[in-house]
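For the sequence shown, counting from 1, position 465 maps to 465 in full-length UniProt numbering; every step adds exactly one.
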Amino acid sequence: MPGIDDWAFTPHRMIDRIFEECGPDGPWRDNVKEYFEQELSQQTTLKKLPWLNETPLHQLRPNQLVRYRGMVQDMFNNEFYPDVYQVRDSSGKTRLQAGRYRDITECGVGESIVLDGKECVTEERLIYYCVPIPGESDWVKQIYQERNPTQPEASTSTPRPKRPAGEESDSGEGAATIEPMECMDDNASSSTNNTNKRTKVESESPAVTTQSGEPTPATTTPTSTPTLNFPLPGMTGTPCLVKMYGNQSFSLNKVVEMVGILSVDPALAPTPGQNDSQPRGMEVEEEAVHSPPPSLVPRLHVLSSHSPPHTNPLLPDVPPEPCQPRESRETLRRVLNEACLGDDLAAEFLICNLISSVYSWKDVVPLGKFSMNLSGIRQSLLDQEYTNRLYSLLSRLVTLSHCFPMTLSTMNSNTIIPRKDYDANRLVTGILQLPEHLHLVLDETRLTAGQLDAQGVHNVTALGNLINWQKVDYDFRFYKLEQHANVPVLILSEGRSMITCDLEVKLEPQHTDVTGAFNRVEALLTPETLTDIRTYITTTRLHEYSISQAMQKMVQDEFVESRKTDDGISADDLHRFLVLAKYVAVSCGELTLNADLWRSAKILEQTRKARLNHSDNQ
């Protein structure tokens, strides 16, 4: 049985072996998939594979297996490639070679590639442009970095001679034009004992693109650096062109974890003067963005993939039930109480905001959203960097977060909605292209007196749609493409926010010593406490929840009775009560609503509204 070094460092050899055993007409594709899925199903084995996110490319071997986690930022057109092709030697004898999971075809010295032989097979593969998960917290990255296995030095084999520039390929019928390329690395797969050449094939058929699979150069000027199209400002990391086979597919903005074969051959980046080898029917702008240098955007041929239900590295995909949820909740409440300067009501509502999630859609209405406006942040607090410190704390508790400063400049100059660029045939990202469960903090305290222009008003509308309807209308020029979201939002403001949200909580600090408060927060946040809170937030958000028929009747009767009075609650109020009650219940580890929890939720809501009414009357 091959060891991990055999199939992890040289997976193409295993693929070729299975191909030879099954034959081109046999179930070799299914057998390859089953073999790698079986190997990768063992967690101890999987953990030995490096994360591409945490490992510099120069420490990885070409064509080895790597893990990658990212968000699907764009979906390119399907790509045709030679799934099975022929290699012809100088005597005219041919052999078949598997082309799946490769960007570069292989042939030995004196051999040529045949793409349109009777036994050749052309297939399609899906192409995704994936970026590192937007808003991933520093503590999450640190955990992955600490767990990332140490990599041996990548092989630096002595370069073998290039094919002479004047040497012609076999001129037989169906032979493809072959560009001279560097010879194979020692670690690359080989189906013969001869010294092989790695070649990129130029397709003469409109149904087949270049064998590299990449639409072409990084930019119109080879010396310029292509944009990596990251959604959030300041993002760093390694994006990937992900190539998927069979029935594997994902939707836009999905967070994906995958294992695949790393492809970083320099041949994938055309050099100046190679315009004739570019795929037909593609505009220059499209060529410029669809084929960035592999040193910046490596290719990944996916063998196994899944979309995890959460992004917390402290937990397995299916987290266990927390042992002491009420104790964990009390710990989090104490931390947030200090962060809210002694305001326990604000801390209670912040807990609900942190664990909130859209759990269902009823027509166009997202159920479970819990956007919150924390108002009352006075200038004396802003002078002490209160909003920055509060966001810094929240980012240490959740796995994904981003703070958007709502200044006149950012509102008037930024395009926060993704839009389709038809010239380059790509989706130009925006700040609102976000993964599920990212906690978005809008700092409205940065907004000064001035005029919002048309772009600013457009951006405010987009933020309002995200907050109230959990949707973003992507701009496809001729129409709007509605994308559902699941992004908890917290708005920080001095007065009531300019954007309507689910509820406003007026901050009532018991003191104004911001530095002292956050010093006490640091004292509370021991490593064990941080782990407990981070685990609690994730597991609580994933809890199943229900309301018994008896509780439904009790709530309904209360609602009917309240409607008989002048100050009775509205249908919107009732919905807000029910959502608040859900988060009060699950935050305490309860999966069903009971009378005590319903009463607690009503008290919280009544106290919140009374505080707002008192403030308005002053």
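Backbone N, C-alpha and C fix where the C-beta goes; we use that ideal spot for every residue, glycine too. Since we're looking at a predicted model, the values are computed, not measured.
{"Query": "Using only the alpha-carbon positions, how far apart do M372 and E348 sit?", "Result": "12 Å"}
{"Query": "Can you list, in chain order, the residues of its chain whose CB lies under 6 Å from that of E321, leaving out five sequence neighbours each side?", "Result": "none"}
{"Query": "If you compare alpha carbons, which of P405, E504, D6 and L434 is closest to K254?", "Result": "L434"}
{"Query": "In whole angstroms, what is the alpha-carbon distance linking L466 and E79?", "Result": "34 Å"}
{"Query": "Is the Cβ of Y245 closer than 7 Å to any Cβ of chain B?", "Result": "Within the model displayed, chain B is absent; a lone protein chain is all it includes."}
{"Query": "DSSP three-state label for I499, please.", "Result": "coil"}
{"Query": "For K582, is the classification buried or exposed, using 16 other Cβ atoms within 10 angstroms of its Cβ as the cut-off for buried?", "Result": "buried"}
{"Query": "Pull up the distance between the alpha-carbon of E558 and that of C501, whole angstroms please.", "Result": "25 Å"}
{"Query": "Note down, in chain order, each residue of its chain lying with its Cβ closer than 6 Å to the Cβ of V121, except the 5 sequence neighbours on either side.", "Result": "D83 and V84"}
{"Query": "If we count the other Cβ atoms within 10 Å of its Cβ and call it buried at 16 or more, is N247 buried or exposed?", "Result": "exposed"}
{"Query": "Please return the same chain residues whose Cβ sits closer than 8 Å to the Cβ of L524, not counting the five positions on each side in sequence.", "Result": "T331, R334, V335 and E338"}
{"Query": "When you compare the CB positions of R299 and D138, do they come within less than 7 Å of one another, or not?", "Result": "no"}
{"Query": "With a CB to CB cut of under 8 Å and the five nearest residues on each side skipped, what residues in its chain are close to H310?", "Result": "D317, P319, T399, H437, T538, R541 and L542"}
{"Query": "Given a cut-off of 7 Å, decide if G376 and K506 are closer than it, judged by their beta-carbon atoms.", "Result": "yes"}
{"Query": "Tell me the DSSP secondary structure of A175 in three-state form.", "Result": "With a pLDDT of only 35 at A175, under 50, the local geometry of the prediction cannot be trusted, and the value read off the model is given with reservation. In this structure, A175 counts as strand in the three-state DSSP scheme."}
{"Query": "What number of angstroms, rounded off, separates the C-alpha of S392 from the C-alpha of S413?", "Result": "25 Å"}
{"Query": "Quick one: which unbroken beta strand (DSSP E) runs of 3-plus residues sit fully inside the region 298 to 365? Chain order, please.", "Result": "299 to 306 and 360 to 362"}
{"Query": "Spatial neighbours of Y422 within its chain, please: CB distance less than 8 Å, with the 5 preceding and 5 following residues excluded, ordered by chain position.", "Result": "R477"}
{"Query": "Quick one: measure Cβ to Cβ for P231 and T535, integer angstroms, because I've assumed they're closer than 8 Å.", "Result": "Wrong, their Cβ atoms sit about 27 Å apart, outside the cutoff."}
{"Query": "Can you look up Y245 in the DSSP assignment and give me helix, strand or coil?", "Result": "coil"}
{"Query": "With a 10 Å radius around its C-beta and 16 neighbouring C-beta atoms as the bar for buried, classify Y479 as buried or exposed.", "Result": "exposed"}
{"Query": "If distances are taken between C-alpha atoms only, which option among G260, V66 and N229 comes closest to Q151?", "Result": "V66"}
{"Query": "Measure from the alpha carbon of T227 to the alpha carbon of each residue in Y129, I261 and S249, then state which is nearest.", "Result": "Y129"}
{"Query": "Kindly identify the DSSP beta-bridge partner or partners of V255.", "Result": "M71"}
{"Query": "Would you mind working out which of A454, V555, L374 and I491 sits nearest E508, comparing C-alpha positions?", "Result": "L374"}
{"Query": "Determine whether the beta carbon atoms of V259 and L40 lie at a separation below 7 Å.", "Result": "yes"}
{"Query": "Assign V457 to buried or exposed, taking buried as 16 or more other Cβ atoms, counted over all protein chains shown, within 10 Å of its Cβ.", "Result": "exposed"}
{"Query": "Within a Cβ cutoff of 7 Å, which residues of the same chain sit near K369, ignoring the five residues on either side of it in sequence?", "Result": "S356, V358, Q470 and D502"}
{"Query": "With DSSP collapsed to three states, give me the class of E214.", "Result": "The predicted model places E214 with a pLDDT of 36, which falls under 50 and marks its position as unreliable, so this point remains unresolved."}
{"Query": "Return the Cβ separation of L440 and V489 in integer angstroms, given the expectation that the two are a contact with Cβ distance under 8 Å.", "Result": "5 Å"}
{"Query": "If you draw a straight line from the alpha carbon of N486 to that of N353, how long is it in whole angstroms?", "Result": "12 Å"}
{"Query": "If the criterion is Cβ atoms closer than 7 Å, does the pair E444 and S395 meet it?", "Result": "no"}
{"Query": "So, using beta-carbon positions, are I417 and S587 closer together than 7 Å?", "Result": "no"}
{"Query": "T364 to W28, Cα distance in whole Å?", "Result": "Here residue 364 is Val; the residue named in the question, Thr, does not match the sequence. Going from the Cα of V364 to the Cα of W28 covers about 45 Å."}
{"Query": "Closest by CA to T592, which one among Y545, S615, L390 and L241?", "Result": "Y545"}
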